[in-house]
Structure formats: structure tokens, C-alpha cells
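**Q** Quick note on numbering: the sequence shown equals residues 981 to 1359 in the working numbering.
C-beta: ideal position from N, C-alpha, C; glycine also.
One structure is given below, represented as C-alpha cells, and several questions about it will come after.
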Amino acid sequence: MTLEAIKYDGTQLSILDQLQLPHVVEYIEIRSAEEGWHAIKEMKVRGAPAIAIVAALSLAVELKALVTDGKLSANAEEVQLLIREKLHYLTTSRPTAVNLSDAARKLEAHVSTTARGSESTGDSVASAFIEAAARMLTDDLADNQNIGKYGADWLVQDTAGTGKQEINVLTHCNTGSLATSGYGTALGVIRALHSRKALKRAYCTETRPYNQGSRLTAFELVHDNIPSTLITDSMAAALLSNKERKVSAIVVGADRVAANGDTANKVGTYGLAVLAKHHAVKFLVAAPRTTIDLQTKSGQDIIIEERPAAEVTRIKGAREGCEENDSIATVRVAAPGIDVWNPAFDVTPSALIDGIITEVGVVERSVDGSFNFEHIFAD
Ligand code: MRU
């Protein structure tokens, strides 16, 4: 059974509450854009593609309820305005991942085209939005499966000459079913390698401060019976220099890839890319085209979200042997009074990235060190 982080049936939306994972598996219902905003801000749902999908679907269920209750304006323009305002509000939840603002821009354009039709009504504008939001869920799943396939092809080919039959991969943060509509991006590549019997072992970092690696990626890897090992973030250099464990590649996700290939992803990614270069290990970013932001020239223009100090000074877990909601406790792990800096993401310069795996193929860094994405947006 595959993990499902987002459940949507056209009327109801529920999400797997990631604040309680891996201790408690509980779905919470999202009934409005406001509830969607809070779920994203508080990281009950997280991961670039998942937050864009949940934002869109949260507004879809709100509109659907208004239609059912006969409370939606009959005027197409009024409904278009309502959708525009709510989309704008949703994009203020988290700034770094471009998928959210990209989805809002596309949905707004789609709704505006429908509203301009001579026969359009409030209901028809709402329906156009609801259908487009639902398509995001199915499109994202198909994109991830293609990312998995292209990434696995690339890695198998890259290691073919080395005599290695099975590949060890290191990943960071959580990029799996919990961060997307299903399957995942970087974790999708690991899933694809595993299903081809080309994966020896996946290593995942703990990913402090929020522990997306130890809580979420480890949960997915164990759930899927993928041979895997957890390390703390500080063990990555030791792992890459370990002759027995032989990591062939680091594969990570992305929150925003700038036009020159600079990539914002979970804090710690940049350090891993530097380590990869030093150890001649391939460094790949797996991301759908919706994460590539051609309007942002370089990593310097990417806004990096800073999160509360409490995420660094405290840690959340379940008491040993207890796997229920009331067994989850938060403990302080830092000296009271210490100043804290908590950037949620960092930017990896394109020069450290060997390739960007998308749903239409792998874009490799050219010999002059740059990335050219034009051909993958040609269709
Ligand atoms: O703060 P998060 O958990 O939302 O950060 C998630 C990441 O950085 C992921 O690597 C990225 O969004 C890609 S998810 C397919």
C-alpha cells in the first residue's frame, strides 16, 4: 500500500498530519483556504509540490461548499476576484518554494480565461478552478513517476562503467509521498532504483532542525521495505569517505531552481553538495518543471524563509514504547537564552550540481558550467 499524504474526493480534503509522524498516523480535514494556509504555515503539510496542491485544493473545497450551499455569487467577475484574493493569501504562507506561487499564477490565469467567456457565471468560474486544482494532484503523481524513471536511468548509466551492480544513494530532507501527491521526486528516484533492483542502500540524513529525514523519509523507507540507513547530518562526510559504504550519488529535491541552476532546498543541501564535489560523488537535484523559476535569475534573488527559534532549541518525539497522540512530547535541547538563527533553506550554487532530473528528462550542467532549461519548456 502506498502512502497517501493528500486525500481528495472532489468534496472533501484531508491531509496526513506530518507534525505527528512517525508516531501517530492521523488525517485532518481541511475545509477552507484559511485552514489550508494554517496547515502549510504550521507544516502539517510540507514539501514544495504538496503545499501547492493543498493550497489549491483547500480553496477548491471551500468553493465547492459555497456552490452546494447556494452561497456563491452568480456573478463570474465577483467569483474571479474572490479566487484571486484567496490565492494571493495562500501564497503568503511560505515564501521559498516556487510551486505555490507558480500554481496560483496558473490557476488565476485559467480562471480569468473562463470568466471572460460570454456565458460565464459564478458557478462556471468556480468549476473551472475546482477542475484545474484536481488536475494538479494527478499531474504531479505522473510527473514524479517520470522523474523516478529518468533519474534511475541516469544513475544506472552513470555507474555502468564502474562495475557496480547496485547503487548506494544519500538523500536529504523528505521528498517522498509525504512531500508530493505520491511517489516523490528524489525519493521517487530511490523508489525507481529499488523497483529495478538497482539500489543497494538508501542513506537518509536526520535533517535537523525539523527532522524531515528521521521522522518522514525514514518512515517512508521503512514503510516500503527499502534497504536504508539513517545518519545524523554531521555524519555525511564520514559516510562519503567510507570505502565500504561507497555512495555513488547524492539526490535531493528542490524548493526553487533559479534560471542559472542555483537551487534552494532544505538547509544542509549546500553542505552536502560541497562534500559531494570533494569526494567526486555525483550531486543531482530531482524536481518537476513547476519548481524551475525562470523569472529568478540566480540564487541570490531567492527569498529564504526563516523559521521560529523554538524549532532549533526544542525537539519533538514520542516517549519510548508509546505510540499515541498523548505520548508526543517536546523537550528543550538548548541552553535557555541562546540566540538562534533558523534559515529553513540554503542555496546550492549551480557549479556544484551535475544534473537536474525533471519529468521530461535530465538537464545536465554544460561544459561552461551553466544550465539551459529552454528546451524542457518548449512544449
Ligand atoms: O521545509 P520543508 O519540509 O517544506 O522543506 C522541504 C524540502 O526542502 C524538500 O526537499 C523540497 O520541498 C522538495 S519536496 C519534493
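Could you spell out the range, first to last residue, of the alpha helix (DSSP H) harbouring Tyr1250?
**A** Here residue 1250 refers to the residue found at position 270 when the sequence shown is read from its first residue. Counting along the chain, the alpha helix (DSSP H) containing Tyr1250 begins and ends at 1249–1258.
**Q** Output yes or no for whether 7 Å exceeds the beta carbon distance between Leu983 and His1203.
**A** Mapped onto the sequence shown, residue 983 falls at position 3. Mapped onto the sequence shown, residue 1203 falls at position 223. Yes, they are a contact pair.
**Q** Have a look at Ser994, Met1116, Gln1000 and flag the residue whose alpha-carbon is nearest the alpha-carbon of Phe1199.
**A** Within the sequence shown, the letter at position 219 stands for residue 1199. The residue with the shortest Cα to Cα distance from Phe1199 is Gln1000.
**Q** In chain order, what are the residue ranges of uninterrupted beta strand (DSSP E) at least 3 long that sit wholly in the stretch 1270–1333?
**A** 1294–1298, 1308–1312, 1325–1328
**Q** When you measure from the CB of Arg1026 to every non-hydrogen atom of the ligand MRU, does any distance come out below 6 Å?
**A** Position 46 of the sequence shown, counted from the first residue, corresponds to residue 1026. Flag set: Cβ of Arg1026 near the ligand MRU.
**Q** Identify every run of the alpha helix (DSSP H) within the stretch 1090–1151, keeping only runs that are complete inside it and at least 4 residues long; order them along the chain.
**A** 1102–1140
**Q** Is Gln1192 a contact residue of the ligand MRU, with contact defined as CB to any heavy atom under 6 Å?
**A** The residue you call residue 1192 lines up with position 212 of the sequence shown. Flag set: Cβ of Gln1192 near the ligand MRU.
**Q** Restricting to Cα atoms, I'd like to know which of Gln1060, Thr1197, Ala1013, Ala1324 is closest to Thr1165.
**A** Your numbering for residue 1165 matches position 185 in the sequence shown. Ranking the options by Cα distance to Thr1165, first place goes to Thr1197.
**Q** Between the stretch 1155–1165 and the stretch 1026–1042, do three or more beta carbon pairs fall short of 8 Å?
**A** By the criterion of at least three beta-carbon pairs nearer than 8 Å, the stretch 1155–1165 is in contact with the stretch 1026–1042.
**Q** I need the straight-line Cα distance from Lys1177 to Thr1185, nearest angstrom please.
**A** If you number the sequence shown from 1, residue 1177 lands on position 197. If you number the sequence shown from 1, residue 1185 lands on position 205. About 22 Å.
**Q** The alpha helix (DSSP H) that contains Glu1058, what's its start and end?
**A** Indexing the sequence shown from 1 puts residue 1058 at position 78. Where Glu1058 is concerned, the enclosing alpha helix (DSSP H) stretches over 1056–1071.
**Q** Here's the rule I'm using: 16 or more other beta-carbon atoms within 10 Å means buried, otherwise exposed. How should Arg1181 be labelled?
**A** Taking the sequence shown and counting its residues from 1, one reaches residue 1181 at position 201. By the Cβ neighbour-count rule, Arg1181 is buried, with 16 or more other Cβ atoms within 10 Å of its own.
**Q** Suppose the cutoff is 7 Å on Cβ atoms and the five residues either side in sequence are ignored; what does the same chain contact list for Ala1314 look like?
**A** In the sequence shown, counting from the first residue as 1, residue 1314 sits at position 334. So the qualifying residues of the chain are Val1292, Thr1293.
**Q** Quick check on Leu1264: buried or exposed, where buried means 16 or more other Cβ atoms within 10 Å of its Cβ?
**A** Translated into positions along the sequence shown, residue 1264 becomes position 284. Buried is the call here.
**Q** With respect to 6 Å, is the separation between the Cβ of Cys1153 and the closest non-hydrogen atom of the ligand MRU below this value?
**A** Within the sequence shown, numbered from 1, the residue matching residue 1153 stands at position 173. Under cutoff, so the answer is yes.
**Q** Which whole-angstrom value describes the C-beta separation of Ile1337 and Gly1131, a residue pair presumed to lie in contact below a C-beta threshold of 8 Å?
**A** Stepping through the sequence shown from its first residue, residue 1337 is reached at position 357. Stepping through the sequence shown from its first residue, residue 1131 is reached at position 151. Contact holds; Cβ gap of about 4 Å.
**Q** Alpha carbon to alpha carbon, how far is Ala1032 from Glu1344? Give it in angstroms, no decimals.
**A** Here the question's residue 1344 lines up with position 364 in the sequence shown. Here the question's residue 1032 lines up with position 52 in the sequence shown. Those two C-alpha atoms are separated by around 26 Å.
**Q** Is Leu1167 helix, strand or coil by DSSP?
**A** Position 187 of the sequence shown, counted from the start, is the residue given in the question as residue 1167. Annotated three-state conformation of Leu1167 is helix, per DSSP.
**Q** Can you pull the DSSP bridge partners for Glu1009?
**A** Looking up residue 1009 in the sequence shown gives position 29. Looking at the DSSP assignment, Glu1009 forms a beta bridge with Ser994.
**Q** Counting C-beta neighbours from all protein chains within 10 Å, is the total for Arg1236 16 or more, i.e. buried, or is it exposed?
**A** Position 256 of the sequence shown holds residue 1236. Result: buried.
**Q** Quick check: what's the CA-CA separation for Ala1035 versus Lys1223?
**A** Residue 1035 sits at position 55 when you count from the first residue of the sequence shown. Residue 1223 sits at position 243 when you count from the first residue of the sequence shown. Roughly 45 Å between the two C-alpha positions.
**Q** Do the stretch 1323–1332 and the stretch 1245–1259 make contact, defined as three or more Cβ pairs closer than 8 Å?
**A** yes
**Q** Within the present structure, is the beta-carbon of Ala1159 separated from the nearest heavy atom of the ligand MRU by less than 6 Å?
**A** The residue labelled residue 1159 in the question sits at position 179 within the sequence shown. For the ligand MRU, at least one heavy atom lies less than 6 Å from the Cβ of Ala1159.
**Q** How about Ser1228 and Asn1148: are their beta carbons less than 7 Å apart?
**A** Here the question's residue 1228 lines up with position 248 in the sequence shown. Here the question's residue 1148 lines up with position 168 in the sequence shown. Cβ atoms of Ser1228 and Asn1148: closer than 7 Å.
**Q** Flag Ala1289 as yes when its Cβ comes closer than 6 Å to any non-hydrogen atom of the ligand MRU, and as no otherwise.
**A** The residue you call residue 1289 lines up with position 309 of the sequence shown. For the ligand MRU, not one heavy atom lies less than 6 Å from the Cβ of Ala1289.
**Q** Which whole-angstrom value describes the C-beta separation of Asp1123 and Glu1339, a residue pair presumed to lie in contact below a C-beta threshold of 8 Å?
**A** As a first step, residue 1123 is located in the sequence shown; it is residue number 143 there, counting from the start. As a first step, residue 1339 is located in the sequence shown; it is residue number 359 there, counting from the start. Yes, Asp1123 and Glu1339 are in contact; Cβ-Cβ is about 4 Å, under 8 Å.
**Q** Quick check: does the Cβ of Lys1246 come within less than 6 Å of any heavy atom belonging to the ligand MRU?
**A** The residue given as residue 1246 occupies position 266 in the sequence shown. Answer for Lys1246: yes, Cβ within range of the ligand MRU.
**Q** List the residues that DSSP assigns as beta-bridge partners of Val1343.
**A** Residue 1343 sits at position 363 when you count from the first residue of the sequence shown. DSSP lists Ile1336 as partners of Val1343.
**Q** Mark Glu1042 as exposed unless 16 or more other C-beta atoms lie within 10 angstroms of its C-beta, in which case mark it buried.
**A** Within the sequence shown, residue 1042 is the residue found at index 62, counting from 1. It is buried - the Cβ of Glu1042 has at least 16 other Cβ atoms within 10 Å.
**Q** Check the DSSP bridge columns for Gly1210 and list the partner residues they point to.
**A** Translated into the one-based positions of the sequence shown, residue 1210 becomes position 230. The sequence shown places Leu at residue 1210, not Gly. Its beta-bridge partners are Cys1184.
**Q** Kindly indicate which three-state DSSP category Phe1351 falls into: helix, strand or coil?
**A** Along the sequence shown, read from residue 1 onward, the residue named residue 1351 stands at position 371. Looking at Phe1351 - three-state DSSP - the assignment turns out to be coil, as it is neither helix nor strand.
**Q** In its own chain, which residues sit with a C-beta less than 6 Å from the C-beta of Ala1239, not counting the 5 before and 5 after it?
**A** Here residue 1239 refers to the residue found at position 259 when the sequence shown is read from its first residue. Closer than 6 Å at the Cβ level, and outside the excluded window around Ala1239, lie Leu1274, Lys1277.
**Q** Can you tell which of Gln1145, Leu1167, Ala1140 has its C-alpha closest to the C-alpha of Cys1153?
**A** Here residue 1153 refers to the residue found at position 173 of the sequence shown. Residue Leu1167 is the option with its Cα nearest to Cys1153.
**Q** Would you decide whether Phe1351 is buried or exposed? Buried here means 16 or more other CB atoms lie within 10 Å of its CB.
**A** Against the sequence shown, residue 1351 aligns to sequence position 371. Buried, because 16 or more other Cβ atoms sit within 10 Å of the Cβ of Phe1351.
**Q** Using beta-carbon positions only, say whether Lys1129 and Ala1083 come within less than 7 Å of one another.
**A** Taking the sequence shown and counting its residues from 1, one reaches residue 1129 at position 149. Taking the sequence shown and counting its residues from 1, one reaches residue 1083 at position 103. Not in contact: Lys1129 and Ala1083 (Cβ atoms no closer than 7 Å).
**Q** With DSSP as the reference, please indicate the residues paired to Asn1245 in a beta bridge.
**A** Residue numbering aside, residue 1245 sits at position 265 when the sequence shown is read from its first letter. Answer is Asp1326.
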